Amino acid sequence: MNSLICNWFDDWGRAIRDGLGQTWMIVLIVVFAGMTLYLMQNVLRASINKKKIVFKWGQLFFMIVFLLFTIWFCCII
Numbered sequence: 537m538n539s540l541i542c543n544w545f546d547d548w549g550r551a552i553r554d555g556l557g558q559t560w561m562i563v564l565i566v567v568f569a570g571m572t573l574y575l576m577q578n579v580l581r582a583s584i585n586k587k588k589i590v591f592k593w594g595q596l597f598f599m600i601v602f603l604l605f606t607i608w609f610c611c612i613i
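Everything in the sequence shown is counted per my numbering, starting at 537 for the first residue and increasing by one.
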């Protein structure tokens with residue numbers, strides 16, 4: 537038996553998919569994935585240059601949020 541919160545997210549996801557359509561869902565996935573990679577660029581640069589990785593808390597928070605939205609929209613399609 538699914539919990540109420542899982543049903544709410546499923547219903548909300550279906551409503552977003554039906555409202556936007558599949559094309560706009562793909563556009564949102566690309567935008568969110570691009571923003572996630574943009575926010576993660578200093579980690580990638582530090583790993584290439586073997587420097588210390590420095591995260592700002594706001595950057596880390598928004599990177600995680602954009603990553604979760606990307607995964608969620610991929611699951612909705």
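By construction, the Cβ of each residue, glycine as well, lies at the ideal position given by its N, Cα and C atoms.
Note that this is a predicted model, so its numbers are computed, not measured.
Asked                                                                                      : Found
Run of the alpha helix (DSSP H) containing Gly-557, from where it starts to where it stops : Unbroken run through Gly-557: none, as it is neither H nor E.
CB contact flag (Phe-602, Met-571, <8 Å)                                                   : yes
Inter-residue spacing [alpha-carbon to alpha-carbon] between Asp-546 and Gly-557           : 16 Å
Buried or exposed by the 16-neighbour rule on C-beta atoms within 10 Å, applied to Thr-606 : buried
Three-state secondary structure (DSSP) of Phe-568                                          : helix
Test item: CB-CB of Ile-565 and Cys-610 under 8 Å                                          : yes
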